[in-house]
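Visitor: Per this note's numbering, the sequence shown starts with residue 959, numbered consecutively. The beta-carbon is built from N, C-alpha and C at its ideal position, and this holds for glycine as well.
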Amino acid sequence: MRKTIFAFVLLLLAASQIVLAEDAAKKVLFIGKEPDHPFGTHMYLHTSELLAQCLKKTGGIETVVSNGWPADPAVLEGVDTIVIYSTPAAEFLMDGPGAAKFHEMMQQGVGLVTIHWASSVFEQNLARLGPKWGEYMGGFWVSNYGLSTDRSQLKQLVPDHPICRGWKEYELHDEYYLKPTMIEATPLLQVHTKDQDVIVGWAYERAGGGRAYGTTLGHFYRNFQETAFRRTVVN
959 MRKTIFAFVL LLLAASQIVL AEDAAKKVLF IGKEPDHPFG THMYLHTSEL LAQCLKKTGG
1019 IETVVSNGWP ADPAVLEGVD TIVIYSTPAA EFLMDGPGAA KFHEMMQQGV GLVTIHWASS
1079 VFEQNLARLG PKWGEYMGGF WVSNYGLSTD RSQLKQLVPD HPICRGWKEY ELHDEYYLKP
1139 TMIEATPLLQ VHTKDQDVIV GWAYERAGGG RAYGTTLGHF YRNFQETAFR RTVVN
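(1) Kindly indicate which three-state DSSP category residue 1131 falls into: helix, strand or coil?
(2) Throw me the rounded Cβ distance for the residue 1186 and residue 1125 pair, which I believe falls under 8 angstroms.
(3) Let's test the definition: count the other Cβ atoms within 10 Å of the Cβ of residue 1085 and tell me whether it reaches 16, buried, or not, exposed.
(4) Closest by CA to residue 1178, which one among 983, 1017, 1002, 1051?
(5) Here's the rule: buried if 16 or more other CB atoms are within 10 angstroms of the residue's CB, otherwise exposed. What is residue 1174?
(6) List in chain order: all unbroken beta strand (DSSP E) runs of 3+ residues lying wholly within the region 1137 to 1179.
(7) Which residue or residues does DSSP assign as beta-bridge partners of residue 1024?
(8) Assign residue 1055 to one of two classes, buried (16 or more other C-beta atoms within 10 Å of its C-beta) or exposed (fewer than that).
(9) In the DSSP output, which residue or residues are listed as bridge partners for residue 1041?
(10) Taking 8 angstroms as the threshold (C-beta atoms), are residue 1075 and residue 1110 in contact?
(11) Report the rounded CA-to-CA distance for residue 1007 versus residue 1161, giving the unit in angstroms.
(12) Opposite residue 1099 in the DSSP bridges: which residues?
(13) Name the one or two DSSP bridge partners that residue 1112 has.
(14) Please classify residue 1107: does DSSP put it in a helix, a strand, or coil?
(15) In the DSSP assignment, the alpha helix (DSSP H) including residue 1012 goes from what residue to what residue?
(16) Between which two residues does the alpha helix (DSSP H) harbouring residue 1057 extend?
(17) Are the region 1029 to 1043 and the region 984 to 999 touching by the rule of at least three beta carbon pairs closer than 8 angstroms?
(18) Assuming residue 1034 is part of the alpha helix (DSSP H), what are its boundary residues?
(19) Ordered along the chain, which non-local residues of its own chain (more than five positions away) have a Cβ less than 8 angstroms from that of residue 1063?
(20) Measuring alpha carbon to alpha carbon, tell me which residue in 1022, 1149, 1154, 1032 is nearest residue 1042.
(21) Would you kindly work out how many angstroms separate the C-alpha atoms of residue 1133 and residue 1152, rounded to a whole number?
Here it is, written out as structure tokens:
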């Protein structure tokens, strides 16, 4: 379990520019929402609480879990990284009540990690939100361009990247989003489904500062119970 927790810290280090310091705890804001899928899938808040608890045990990091964008502005003070697991976060973050503050935080270099559906933008909003979402994330999935629930070998495309450390390629059963859009991101994880290779994890360093990590994995809550899976999502 300690190795799994440490792997989670590495993901945030890699994706969000968190540097642990003895004299200053770094703050990670987890954003989830109420369920909108059958039990055992898209368990946004439950998963966020699980990951936040794991991270807190490492020391040197403060975690906050919010149901939706925080209503109290004080919660946003000092946030170094946002980790969101929700409906398409392009709309959730850029059309929601916290849109102005979110854009400000991105300009300030706050890290951004998106899990599963949160890595997306709805097709009807692609022209309006896609360019800015791509600027923040380096890549995304258009909901719903196609998906596949399947078993596939989870392949490491950059084995020496921090996201790929501490685990070996293995067979994963999950829901995979087809035809992801990669703009300037570095693809890290790949599966093969429906006779095509599909990118399911990528890293990106924003031009103006700040980093992002997006993964379309994470449909089934049971996968978050597996050490190897948690490392692929939050290494």
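Guide: Quick answer:
(1) Taken through DSSP and simplified to helix, strand or coil, residue 1131 comes out as strand.
(2) 5 angstroms
(3) exposed
(4) 1002
(5) buried
(6) 1144 to 1151, 1154 to 1163, 1169 to 1173
(7) 989
(8) Exposed, since its Cβ has fewer than 16 Cβ neighbours within 10 Å.
(9) 988, 1071
(10) no
(11) 23 angstroms
(12) For residue 1099, which the question treats as bridged, DSSP gives the partners 1078.
(13) 1128
(14) DSSP places residue 1107 in the strand class (E or B) of the three-state scheme.
(15) 1002 to 1014
(16) 1057 to 1065
(17) yes
(18) First-last for residue 1034: undefined, no H or E at that position.
(19) Taken in chain order, the residues that qualify are 1034, 1037, 1040.
(20) 1022
(21) In a straight line, the C-alpha of residue 1133 is about 12 angstroms away from that of residue 1152.
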